[in-house]
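Working notes, beginning with the structure itself.
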Amino acid sequence: MTTTRPAIQMVDLKGQYLKIKKEVDSALMEVLDSCAYINGPKVNEFQSNLEQYLGAKHVIPCANGTDALQIALMALGLKPGDEVIVPAFTYVATAEVIALLELRPVMIDVDPHTFNITADLIEPMISAKTKAIVPVNLFGQSCDMEPIMKLAQKHKLFVVEDNAQAIGADYHLQDGSQQKTGCIGHIGCTSFYPSKNLGAYGDGGALYTNDDELAKKCRMIANHGQTKRYYHDMVGVNSRLDSIQAAILNVKLAHLDEYAAARQKAAAYYDKAFAEISQLQIPARQHNSSHVFHQYTLIVKDGRRDELQAYLQEKGIPNMIYYPVPLYEQEAYKDSMDQKITKLEVTDYLCRTVISLPMHTELDEETLAYICDGVKGFFAD
Ligand SMILES: *Cc1c(COP(=O)(O)O)cnc(C)c1O
C-alpha cells in the first residue's frame with residue numbers, strides 16, 4: 001500500500017497506552033518494588049474500586065473471563081445433565097464452560113436487531129431440567145434483563161450474565177433507577193482481555209454479585225475451594241488476577257467512562273455515514289440500555305458481506321466477522337443439543353451477514369472518514 005497514513009487498526013492498544021503511559025508505568029513500578037505479585041494490595045484496591053464503580057456488593061477478581069463464567073456456574077451447585085440456556089450467537093466461552101461442567105448448553109436464537117436473547121425467546125426453551133440462563137450482553141449493550149429476571153424467578157432459575165463485552169453500560173429499570181450491566185442477574189462475569197472495553201495488558205477477569213452467599217462460594221471456588229489455607233471444603237480451581245494486571249486495571253478503570261464516550265462518538269459517526277446505505281443495517285440500540293460498543297457491527301443485507309470484506313481488506317480497512325459460525329454448528333458442540341436443532345434462523349442469518357468495523361478509543365475523524373468512504377465506495381460501485 002502506498003500511503004503515508006499509519007495503518008488503521010481494529011483496536012489501537014498502543015495509542016491508548018501512550019496517553020496513560022506515565023500513570024501505568026508508575027503503577028507497574030510500584031508492584032515491581034513491592035514484590036507483592038500475587039494477591040497484593042493492588043488486587044484489593046482494584047476489587048473495591050470496581051465494586052464502587054459498578055455499585056456491586058461483591059467483586060471477585062479472577063484469571064480471565066472464561067474462568068469467571070466457570071466459577072459462577074460451579075457456585076450454583078448444578079448437577080450433570082442440568083440445562084443452561086445460552087445464545088447460539090456468542091463467543092464460544094459461554095457454552096464451553098457449561099459443557100465442561102457436564103451441564104447441557106441449550107442454544108437459542110437471538111433478536112435480529114439487538115443480537116441478544118430475550119425473555120420471549122427463552123421461555124419456550126425452558127424444560128424441567130433447566131436450571132440457569134446465561135444471557136450475553138453482546139457487542140456492548142445489555143439484554144432486556146428485567147423480563148428475563150421475572151421469567152427466571154417464575155421458574156426458579158439462576159441468571160449468570162456474560163458481561164465480557166458490556167462493562168460500563170447502564171441498564172435502565174422500569175422504576176426509573178439504573179444499574180450497571182452485569183449487576184442485574186445473580187452473578188455477572190467479565191473479562192479484562194486486552195481488547196475488551198476495560199482491558200488489562202494480559203489476562204484477567206472478575207465476577208460480581210450482590211448475593212453474600214454466592215460471593216462467598218465464588219471466592220472459595222476461585223481459591224481451590226478453601227476459606228482457610230489448606231482446608232478445602234469443596235473442589236475449586238486456581239484462578240487469580242495478578243497484581244500487575246490489577247495495577248493497570250486501576251489506572252484504566254478511572255478512564256472507562258471516557259473510553260466509552262470515545263467509542264460512542266465513533267459509533268455515531270459510523271451511524272450517520274451508513275444511515276442512507278440501504279444495503280446496510282446499522283446497530284440497533286436496546287431501548288433501556290446504553291451501548292458501549294465493544295464492537296460496531298453492521299448487517300450487510302444484499303448478500304455481499306464477503307465481497308465487502310475483501311474490498312475493505314484491499315483498502316487497508318481492517319474488519320472482523322463476529323461470529324462466522326453458529327455455536328450449534330461447531331464440531332465440539334454439534335451433539336450437545338437436546339432437540340436436534342438444525343438451524344436457528346436469526347443466528348444463521350447473522351453469521352452470514354454481519355461485519356464489524358474498527359472500534360476503539362483512539363479513532364480520529366480522519367480515520368473514520370477513510371473507513372466510511374471505503375464502505376460507501378463499495379456500495380456506490
Ligand atoms: C472475551 C469473552 C469471554 C472470555 O473472556 P476471556 O478473558 O478471553 O476468557 C467470554 N464471553 C464473551 C462474550 C467474551 O467476549
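Heads up, the sequence shown is in my numbering, so the first residue is 1 and it goes up one at a time.
The C-beta atom is built at its ideal place from N, Cα and C for all residues, glycine as well.
Secondary structure of H58 (DSSP, three-state): strand. The beta-bridge partner set that DSSP reports for T190 consists of A206. A check of alpha carbon separations from E331 across L69, V92, C62, M74 identifies V92 as the nearest.
If you check the C-beta of A169 against ligand 1, you find no heavy atom less than 7 Å away.
Of the heavy atoms belonging to ligand 1, none sits nearer than 7 Å to the Cβ of T297. Residue environment: V235 is assigned as exposed (fewer than 16 neighbouring CB atoms within 10 Å of its CB, all protein chains considered).
Taking one beta carbon from each stretch, the region 290-307 and the region 147-159 have fewer than 3 pairs nearer than 8 Å; the two do not touch. A Cβ-Cβ separation of about 43 Å leaves A119 out of contact with G316 under the 8 Å criterion.
Look at Y311: its beta carbon is at least 7 Å from all of the heavy atoms in ligand 1. K216 and Q52 have their C-alpha atoms some 18 Å from each other. At least one heavy atom of ligand 1 is found less than 7 Å from the C-beta of K196.
Annotated three-state conformation of I321 is coil, per DSSP. Distances from the CB of Q47 to the heavy atoms of ligand 1 are all 7 Å or more. For D242, the secondary structure class from DSSP, reduced to helix, strand or coil, is strand.
In this structure, the straight-line span from the alpha carbon of L280 to that of Y37 is close to 48 Å.
By the beta-carbon neighbour count (other beta carbons within 10 angstroms, threshold 16), E83 is buried. When Cβ pairs closer than 8 Å are counted between the two stretches, the region 155-166 is seen to touch the region 125-141, the count reaching three or more. For the options M10, T209, M29, Q9, the alpha carbon positioned closest to that of I248 is the one of M29. By the criterion of a C-beta distance shorter than 8 Å, L256 is surrounded in its chain by Y53, I167, G168, N197, L198, once the five residues flanking it on both sides are discounted. Membership of F379 in the alpha helix (DSSP H) is indicated by the continuous run 365-380. In the three-state reduction of the DSSP assignment, A132 falls in the strand class. Runs of the alpha helix (DSSP H) lying entirely within the region 91-128, each at least 4 residues long, are 93-100, 119-122 in chain order.
In the structure shown, the three-state DSSP call for F158 is strand. Residue environment for D242: buried (at least 16 other C-beta atoms within 10 angstroms of its C-beta). Membership of E213 in the alpha helix (DSSP H) is indicated by the continuous run 212-222. Under the 10 Å beta carbon count, N64 is surrounded by 16 or more other beta carbons and is classified as buried. Contact between C189 and A72 holds, since their C-beta atoms are separated by about 6 Å, short of 8 Å.
Counting along the chain, L298 sits inside the beta strand (DSSP E) bounded by residues 296-300. Exclusion of the five residues before and after T130 leaves D82, E83, V84, I85, V106, H155, L157 as the residues of its chain whose Cβ lies within less than 8 Å of its Cβ. Nearest neighbour of P318 by Cα position, chosen from A310, V325, P324, turns out to be A310. Its Cα nearest to that of A268, the residue R285 stands out among R285, A128, A254, S278.
Cβ neighbours of E123 within its own chain (closer than 7 Å, five residues either side excluded): L151.
When the five nearest sequence neighbours on each side are left out, the beta carbons in the same chain lying within less than 6 Å of the beta carbon of Y270 are those of Y296, in order along the chain.
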